[in-house]
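In the UniProt record's numbering, the protein residues as written are 1 to 363.
Just so it is clear, CB atoms sit at the ideal spot from N, CA and C, and this is done for glycine as well.
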């Protein structure tokens with residue numbers, strides 16, 4: 001007779017599996033749902049902002065005509081609507097610049113508000129993302145050079161949470177005021193100098209690998225400024241300078257292909273996903289075709305995966321049907337429902353939220 005727990009009860013095996021995945025130090029993938037939890041705009045809000053502001057930023061009749069032609073489609077679905085803007089059309093480059101500018105402007109403003117709110121709470125390393133990052137950092141293998149984090153978000157919340165957790169972060173840039181991306185490879189082993197006692201007395205300088213959180217941003221960042229010689233990173237720059245970000249729609253993959261930095265970042269990201277022992281996804285909807293393709297290839301090899309997000313997308317539902325070994329936790333009423341191995345388990349606790357998930361399974 002089966003001894004499996006009834007659906008609705010979290011089985012002991014689920015706790016064992018989650019803890020096993022964390023012992024393997026999963027790569028971390030952060031989507032827009034994560035930032036929305038801190039008040040950042042989602043795709044719908046971005047679409048509303050663009051519809052209200054882009055046309056006023058355009059100067060040519062060609063660009064205005066393109067935008068008016070796409071507006072109805074943008075109202076229904078932002079990215080699908082932007083993809084109706086034809087390649088090579090007159091006014092397209094001006095329109096893409098305006099979309100990029102208004103997108104960065106909105107994210108800059110919202111990030112400033114979110115970061116102030118986070119800091120005003122006075123929790124420091126007690127914030128759930130900071131606790132997660134420190135858990136992964138401290139739990140990594142002794143010889144691990146880095147903790148890989150990938151985010152498709154433009155904001156700088158992860159950078160802030162690394163600071164709050166007192167963790168060293170590597171964004172692929174070096175310098176001080178205007179940081180330049182490293183030449184290939186963009187991420188390199190970091191070293192710290194320590195003084196080791198010698199048998200004959202005295203001390204000898206020794207250089208040892210220094211673990212960092214490596215932050216991969218394949219779609220760019222509000223901290224990346226666009227310059228004639230390529231992106232530079234400038235922290236806390238709230239000016240109106242153009243930002244190096246890959247916006248949804250017509251320039252998304254073109255930017256990633258023609259820009260050396262975006263290409264290098266994507267190559268590094270592919271390497272992380274290709275070699276990951278496991279994957280933890282927060283607020284990621286699996287609507288990015290490139291990322292979804294790489295992840296599916298790893299899931300084909302039975303890579304363990306945990307997904308926490310408020311609501312499932314069609315892409316997520318398809319992924320769970322194809323890969324039932326993946327663990328997914330979604331919001332249900334005031335609690336949560338968990339999908340794993342073809343079964344559904346329910347909890348009265350909101351385990352889809354990172355704070356509750358960590359306390360329930362890992363802390």
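Which residues in the same chain have their Cβ closer than 8 Å to the Cβ of residue i, if we skip the five residues on either side of it in sequence?
i: residue 350; result: 331, 334, 335, 336, 356
i: residue 365; result: This structure cannot settle anything about residue 365, because the visible part of the chain is limited to 1 through 363.
i: residue 15; result: 361
i: residue 177; result: 234
i: residue 259; result: 230, 231, 244
i: residue 203; result: 195, 196, 197
Taking the Cβ atom as the reference point for each residue, do residue i and residue j lie within a distance shorter than 7 Å?
i: residue 352; j: residue 308; result: yes
i: residue 248; j: residue 78; result: yes
i: residue 310; j: residue 33; result: yes
i: residue 165; j: residue 133; result: yes
i: residue 358; j: residue 131; result: yes
i: residue 287; j: residue 315; result: yes
i: residue 103; j: residue 170; result: no
i: residue 110; j: residue 50; result: no
i: residue 241; j: residue 261; result: no
i: residue 235; j: residue 223; result: yes
i: residue 70; j: residue 59; result: no
i: residue 329; j: residue 27; result: no
i: residue 73; j: residue 81; result: yes
i: residue 382; j: residue 278; result: Because the chain in this structure spans residues 1 to 363, residue 382 falls outside the shown range and cannot be described.
i: residue 299; j: residue 323; result: yes
i: residue 206; j: residue 197; result: no
i: residue 354; j: residue 128; result: yes
Within a Cβ cutoff of 6 Å, which residues of the same chain sit near residue i, ignoring the five residues on either side of it in sequence?
i: residue 19; result: none
i: residue 284; result: 29, 31
i: residue 339; result: 320, 328
i: residue 13; result: none
i: residue 190; result: 210, 212
i: residue 168; result: 212
i: residue 63; result: 91, 94, 95
i: residue 312; result: 330
Among the residues of its own chain, which have a CB less than 7 Å from the CB of residue i, if the five just before and after it don't count?
i: residue 2; result: The predicted position of residue 2 is uncertain, since its pLDDT is 43 and thus under 50; no value can be drawn from it.
i: residue 42; result: 32, 36
i: residue 162; result: 133, 169, 213
i: residue 194; result: 206, 208
i: residue 46; result: 78, 103, 106
Using 8 Å for Cβ pairs, my map puts residue i next to residue j. What's the rounded Cβ distance?
i: residue 57; j: residue 101; result: 7 Å
i: residue 238; j: residue 108; result: 6 Å
Are the C-beta of residue i and some C-beta of chain C separated by less than 7 Å?
i: residue 190; result: The displayed structure is made up of one protein chain only, and chain C is not part of it.
Problem - Segments of 4+ residues assigned as alpha helix (DSSP H) that fall wholly inside the region 261 to 345 - result: Under the rule that a run must span 4 or more residues, the alpha helix (DSSP H) segments found entirely inside the region 261 to 345 read 289 to 300, 314 to 322.
Exercise. Does the count of Cβ pairs from the region 16 to 26 and the region 134 to 146 closer than 8 Å reach three?
Worked result: They touch, by the three-pair rule.
Are the region 149 to 157 and the region 184 to 192 touching, with three or more C-beta to C-beta distances below 8 Å? No: fewer than three Cβ pairs fall under 8 Å.
Three or more C-beta pairs under 8 Å: does that hold for the region 209 to 218 against the region 141 to 150? yes
With three or more beta-carbon pairs closer than 8 Å as the criterion, would you say the region 89 to 97 touches the region 116 to 129? no
Which ranges would you report for the alpha helix (DSSP H) in the region 27 to 108 if only whole runs of at least 4 residues count?
32 to 36, 43 to 57, 61 to 76, 78 to 82
task = Can you check the region 163 to 207 for any beta strand (DSSP E) of at least 3 residues that lies completely inside it and give the ranges in chain order?
result = 190 to 197
| said: Quick check on the DSSP output: what are the complete beta strand (DSSP E) runs of length 3 or more inside the region 103 to 158, in order along the chain? | reply: 146 to 151
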